[in-house]
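Chemist:
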Amino acid sequence: MEIRAHRTWAQLCFSPIHLLSSLSVDPDAECKYGLYFRDGRRKVDYILVYHHKRSSGSRTLVRRVQHSDTTSGARSIKQDHPLPGKGAPLDTGSAEPPMDYHEDDKRFRREEYEGNLLEAGLELERDEDTKIHGVGFVKIHAPWNVLCREAEFLKLKMPTKKMYHINETRGLLKKINSVLQKITDPIQPKVAEHRPQTMKRLSYPFSREKQHLFDLSDKDSFFDSKTRSTIVYEILKRTTCTKAKYSMGQGEGRKKDSALLSKRRKCGKYGITSLLANGVYAAAYPLHDGDYEGENVEFNDRKLLYEEWACYGVFYKYQPIDLVRKYFGEKIGLYFAWLGVYTQMLIPASIVGIIVFLYGCATVDENIPSMEMCDQRQNITMCPLCDKTCSYWKMSSACATARASHLFDNPATVFFSVFMALWAATFMEHWKRKQMRLNYRWDLTGFEEEEDHPRAEYEARVLEKSLKKEAKNKEKRRHIPEESTNKWKQRVKTAMAGVKLTDKVKLTWRDRFPAYLTNLVSIIFMIAVTFAIVLGVIIYRISMAAALAMNSSPSVRSNIRVTVTATAVIINLVVIILLDEVYGCIARWLTKIEVPKTEKSFEERLIFKAFLLKFVNSYTPIFYVAFFKGRFVGRPGDYVYIFRSFRMEECAPGGCLMELCIQLSIIMLGKQLIQNNLFEIGIPKMKKLIRYLKLKRQSPPDHEECVKRKQRYEVDYNLEPFAGLTPEYMEMIIQFGFVTLFVASFPLAPLFALLNNIIEIRLDAKKFVTELRRPVAVRAKDIGIWYNILRGIGKLAVIINAFVISFTSDFIPRLVYLYMYSKNGTMHGFVNHTLSSFNVSDFQNGTAPNDPLDLGYEVQICRYKDYREPPWSENKYDISKDFWAVLAARLAFVIVFQNLVMFMSDFVDWVIPDIPKDISQQIHKEKVLMVELFMREEQDKQQLLETWMEKERQKDEPPCNHHNPKACPDSLSSPAPSHTYHGGVL
992 MEIRAHRTWA QLCFSPIHLL SSLSVDPDAE CKYGLYFRDG RRKVDYILVY HHKRSSGSRT
1052 LVRRVQHSDT TSGARSIKQD HPLPGKGAPL DTGSAEPPMD YHEDDKRFRR EEYEGNLLEA
1112 GLELERDEDT KIHGVGFVKI HAPWNVLCRE AEFLKLKMPT KKMYHINETR GLLKKINSVL
1172 QKITDPIQPK VAEHRPQTMK RLSYPFSREK QHLFDLSDKD SFFDSKTRST IVYEILKRTT
1232 CTKAKYSMGQ GEGRKKDSAL LSKRRKCGKY GITSLLANGV YAAAYPLHDG DYEGENVEFN
1292 DRKLLYEEWA CYGVFYKYQP IDLVRKYFGE KIGLYFAWLG VYTQMLIPAS IVGIIVFLYG
1352 CATVDENIPS MEMCDQRQNI TMCPLCDKTC SYWKMSSACA TARASHLFDN PATVFFSVFM
1412 ALWAATFMEH WKRKQMRLNY RWDLTGFEEE EDHPRAEYEA RVLEKSLKKE AKNKEKRRHI
1472 PEESTNKWKQ RVKTAMAGVK LTDKVKLTWR DRFPAYLTNL VSIIFMIAVT FAIVLGVIIY
1532 RISMAAALAM NSSPSVRSNI RVTVTATAVI INLVVIILLD EVYGCIARWL TKIEVPKTEK
1592 SFEERLIFKA FLLKFVNSYT PIFYVAFFKG RFVGRPGDYV YIFRSFRMEE CAPGGCLMEL
1652 CIQLSIIMLG KQLIQNNLFE IGIPKMKKLI RYLKLKRQSP PDHEECVKRK QRYEVDYNLE
1712 PFAGLTPEYM EMIIQFGFVT LFVASFPLAP LFALLNNIIE IRLDAKKFVT ELRRPVAVRA
1772 KDIGIWYNIL RGIGKLAVII NAFVISFTSD FIPRLVYLYM YSKNGTMHGF VNHTLSSFNV
1832 SDFQNGTAPN DPLDLGYEVQ ICRYKDYREP PWSENKYDIS KDFWAVLAAR LAFVIVFQNL
1892 VMFMSDFVDW VIPDIPKDIS QQIHKEKVLM VELFMREEQD KQQLLETWME KERQKDEPPC
1952 NHHNPKACPD SLSSPAPSHT YHGGVL
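Count the sequence shown with our numbering and you get residues 992 to 1977, in order.
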């Protein structure tokens, strides 16, 4: 019978007419290609995926068994029969290959776990007849009663029937808002959830006893797909399999393994996280709502998100944050909301940065110090930049560098640093207010995160510790003779010890001490590796400069600084990108060996380690150029050497700020272009291609494949698993550091960050909608530890910019010269004031230039940038008084700038309230309305109760008639009054 059916199906495949007819009556269309159970009524809320071994000849049989169960109802699934589609023990004509006992163990664990899910009220359906060979799927549906029960347990706020008006602005603000709405209407997404709402439903934690409060007219849509998958995932985490109800075969080795597994499973608890970690299930995920592109695609939220959010063509539009939250959950919604607020706040910062840059361009020809450096009539001869191979050089040859330095080293950059510090404080306050608005809109006010379930690795470690403890106790009981009087007591203790053994054991700091020590040593080692790489690049720069100085081409020698700086920065960029990936993996490994108890604890520890390592990796080269390069050089005749061979490099005559700008711009732009964009696009597509080719190679050709369309859960299984938001936040936080920490040296940093983020939002959106499996929705009311990191970077930025302005730029030396040393109140003579003189006869042996006549004349005195006594002074080459005056001014500027900007930032923080006034009023209004609703409900109940009691009392009283006059009221039993009027009253 099965063979005949198989042949008939094969003939249909190769007949065009039959092929069209078979497609027109596709049975999978009834269940919307995997979105529903085979009955077409019950929605698939979650999918469990597992690997199984079976012969290829059983495909047709399994298909037939699946369709034979199509008419089975929900009640039949809950019986002690195999799941629909699982297959019955029928003869297939070929013997199944023998399974090893590990596969047998996984199969029995799955059966037990799925049985427990059925007992929890879920409904399951199995499908092993898929286009992916060797992969089976368990479809899970949560019926109405289970959804109500779990929603009450989770205290989910659901909208009630009660609606109320949202307070609207009045007067001038209302007119301004209406004008803004008309102006911004073209850039608003065409999404219903994004339109301004004037009415809002009152929300209340769901309760089965108060179902009458909620609008249950359409039970299928009352809990949306995001909420349904969240409820099912909570049940999956809570449900355990603890029994050992199988035998492992023959042999001493297998008996030993069976005893060990049995012993462990008596004490261990296997939720979905543990089962995934142990390979019992290959994956677990909720389904996407459907396809997002193609012909005849049914309209769904995923398609709407793709058209209005995940396309590059809508880059100019606002994000439909409410729809993102509805589809992906609050945690992901908050990430994209934060990214949108950050990108919007970059617009004013970019405009001010462009103005500062244009001011530098406009005043470059009026800058007296750069004009003096470019003036060839000055004839200032500078000392060699390296020993032997480098010769004397004219200061006018550094004219281009000096003019370019003025673009970023001018008085406007000081203003811009103050502005960006206040911008960072305003951004944080604006985000807090936006977060509160979202909490109110998403019914998260009063939400408190509950303690999460323990992680699988933590449970395994606790189980291992408990087994060791149990073994030690047994060993002690063997050596200690048991007294006859205490036998009953010992039995009770033994019995109690076997119950939930792991609940009594937890990991202490002593258990984690080796992991903590490993973490400390590893982090110190990796930071040392980063410093060593920076030192290696420094040596490369010194060696490269010396090598290029020996080149015979004048053009090469004139561009030594630019060439060395650019190539060194590119090397730094490549190393940073590579080490970022390595450090990310190492940080995850270090966090795993700590064995944090919950996912939240694991995520916070991972974020801290990854951020620390990536911060050091990204900013160490920049810190070197900003604060160390040119500080410990020494002087001609007494230079400082690395390893006694490499002379420390110096800053250009115009200062190191221009080099810092080059370093910062190349690293920032390179990381954004390569790491944030190319990696995010290329790596997921490459993984998807590899996974597709692997599955195609594993799946044997089958006649059914020509007419069979992939189910929704098969398509989603081929997508990339969701790996969390940590990488997304991390790249934005590092970028925030580039924008704020060294903004004094690169005013265009906010502009490049803005351009990157416009692409980043759509890139991330497209990845979430099209490339990733749908993540489980997670409730969250804030962005967690990332907010504290942002505040820390904002505070650190004030200090770093103060030091950059005072020590890296020439802003303070110019002020000191202008007000203390200038004869005419101008900057004329400033360059000569910052240069010291050196007598070439004082060179150490073997360090003088090999070609002293390279400039065409003999040099007696050369100049170098420092504040030192001249060679004709009594204390020649000692630090002069000017140096101490400039140093005092620099330190004073740091103290004043830091305290002033910190005070202004705190003032902004204090002036702007965390909770908008209208939101606090709406929250108060909701509380009042909720109290009124319950008071009215209590009054209705009281009236109903009084009415019912009155009816019951009347039922219990005997009837009033002339046979029973005692039962009548006094008014009825008394004589009838006369119907006469007295004064118009009856």
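For every residue, glycine included, the Cβ atom is placed at its ideal position computed from N, Cα and C.
Buried or exposed: L1014, going by 16 or more other Cβ atoms within 10 Å of its Cβ?
Modeler: Reliability of the predicted coordinates at L1014 is poor, the pLDDT of 43 falling under 50, and no value is obtained from them.
Chemist: Check the C-beta distance from V1624 over to L1651 and give it rounded, since I have them as a contact under 8 Å.
Modeler: At roughly 17 Å, the Cβ-Cβ gap does not stay under 8 Å, so V1624 and L1651 are not in contact.
Chemist: Please return the same chain residues whose Cβ sits closer than 8 Å to the Cβ of Q1930, not counting the five positions on each side in sequence.
Modeler: Taken in chain order, the list of residues that qualify is empty.
Chemist: Classify I1178: buried if its beta carbon has 16 or more other beta carbons within 10 angstroms, exposed otherwise.
Modeler: Its Cβ having fewer than 16 others within 10 Å, I1178 is exposed.
Chemist: I need the straight-line Cα distance from G1262 to S1341, nearest angstrom please.
Modeler: Their Cα atoms are separated by approximately 50 Å.
Chemist: Could you check how far apart the C-beta atoms of K2039 and L1115 are, in whole angstroms? I think they sit under 8 Å.
Modeler: The structure shown has nothing for residue 2039, since the chain only spans 992 to 1977.
Chemist: What is the DSSP secondary structure of M1649, reduced to helix, strand or coil?
Modeler: Of the three classes helix, strand and coil, the one that applies to M1649 here is helix, per DSSP.
Chemist: Output the distance between the C-alpha atoms of K1772 and D1434, rounded to the nearest integer angstrom.
Modeler: If I take the Cα positions, the gap works out to 10 Å.
Chemist: Output the distance between the C-alpha atoms of H1694 and K1678, rounded to the nearest integer angstrom.
Modeler: Bear in mind that a pLDDT of 48 at H1694, under 50, signals an unreliable position, so the number given afterwards is only what the model happens to contain. Those two C-alpha atoms are separated by around 28 Å.
Chemist: Could you compute how far the alpha carbon of D1378 sits from the alpha carbon of I1551?
Modeler: D1378 and I1551: Cα-Cα distance of roughly 15 Å.
Chemist: Decide yes or no for the touch test of the region 1321-1331 against the region 1752-1771: beta carbon pairs closer than 8 Å, at least 3 of them.
Modeler: Touching, yes.
Chemist: Could you tell me which of L1684, R1854, L1935, R1432 sits nearest to P1150, measuring between CA atoms?
Modeler: Ranking the options by Cα distance to P1150, first place goes to R1432.
Chemist: When burial is assigned at 16 or more other CB atoms within 10 Å of the CB, is C1576 buried or exposed?
Modeler: By the 10 Å Cβ count, C1576 comes out exposed.
Chemist: Run through DSSP, which three-state label would P1196 get?
Modeler: Three-state DSSP puts P1196 in a strand.
Chemist: Mind checking P1738: buried by the 16 CB within 10 Å criterion, or exposed?
Modeler: So P1738 ends up on the buried side.
Chemist: Between I1518 and V1607, how many whole angstroms is the CB-CB distance? I'm expecting something under 8 Å.
Modeler: Yes, I1518 and V1607 are in contact; Cβ-Cβ is about 5 Å, under 8 Å.
Chemist: Tell me whether K1918 is buried or exposed, calling it buried when 16 or more other Cβ atoms sit within 10 Å of its Cβ.
Modeler: K1918 should be labelled exposed.
Chemist: Tell me where the beta strand (DSSP E) around S1828 begins and ends.
Modeler: Looking at the DSSP string, the run of the beta strand (DSSP E) that includes S1828 is 1826-1830.
Chemist: Please classify V1035: does DSSP put it in a helix, a strand, or coil?
Modeler: Three-state result, V1035: coil.
Chemist: Taking the beta strand (DSSP E) that E1148 belongs to, which residues open and close that run?
Modeler: Before going on, a small fix: residue 1148 reads as Lys here, not Glu. 1148-1156 is the span of the beta strand (DSSP E), which, as asked, contains K1148.
Chemist: Is the beta carbon of I1584 sitting closer than 8 Å to the one on A1523?
Modeler: For I1584 and A1523, no; Cβs fall outside 8 Å.
Chemist: With DSSP as the reference, identify every bridge partner of A1274, one or two as the case may be.
Modeler: DSSP, once it has assigned bridges, lists V1040 as partnering A1274.
Chemist: Which residues bound the alpha helix (DSSP H) around G1331?
Modeler: Unbroken alpha helix (DSSP H) run through G1331: 1321-1354.
Chemist: Suppose only complete runs of 4+ residues qualify. What are the alpha helix (DSSP H) ranges in the region 1851-1907, listed by chain order?
Modeler: 1872-1902, all fully within the region 1851-1907.
Chemist: Can you tell me which of the three DSSP states E2058 falls into?
Modeler: There is no way to answer for residue 2058, as the model of the chain reaches only from 992 to 1977.
Chemist: If I follow the unbroken alpha helix (DSSP H) through I1598, where does it start and stop?
Modeler: Looking at the DSSP string, the run of the alpha helix (DSSP H) that includes I1598 is 1590-1614.
Chemist: Which residue's Cα is closest to the Cα of R1035: L1109, T1121, A1133, L1108?
Modeler: In the sequence as displayed, the identity of residue 1035 is Val instead of Arg. Comparing Cα positions, the closest option is A1133.
Chemist: Please report the distance separating the alpha-carbon of V1305 from that of E1299.
Modeler: Cα to Cα, V1305 sits roughly 7 Å from E1299.
Chemist: For I1752, which residues in the same chain have their Cβ closer than 8 Å to its Cβ, ignoring the five residues on either side in sequence?
Modeler: These residues qualify, in order along the chain: F1306, Q1310, F1327, L1330, G1331, T1334.
Chemist: Check D1118 in the structure and name its three-state DSSP category.
Modeler: Residue state, collapsed to three classes: strand.
Chemist: DSSP state of I1123, grouped into three classes?
Modeler: Of the three classes helix, strand and coil, the one that applies to I1123 here is coil, per DSSP.
Chemist: In terms of alpha-carbon separation, which member of Q1172, I1724, Y1155, Y1610 lies closest to F1599?
Modeler: Out of Q1172, I1724, Y1155, Y1610, I1724 has the C-alpha closest to the C-alpha of F1599.
Chemist: If you run the structure through DSSP and keep just helix, strand and coil, what is V1565?
Modeler: Helix at V1565.
Chemist: Which value, in whole angstroms, describes the spacing of the CA atoms of D1885 and A1412?
Modeler: Looking at the sequence itself, residue 1885 is Val, so the reference to Asp does not match. C-alpha separation (whole angstroms): 14 Å.
Chemist: Count the other CB atoms, across all protein chains shown, that sit within 10 Å of the CB of H1444; report buried if there are 16 or more and exposed otherwise.
Modeler: It is buried - the Cβ of H1444 has at least 16 other Cβ atoms within 10 Å.
Chemist: Ends of the alpha helix (DSSP H) at Y1383?
Modeler: Premise fails: Y1383 is in no alpha helix (DSSP H) and is neither H nor E.
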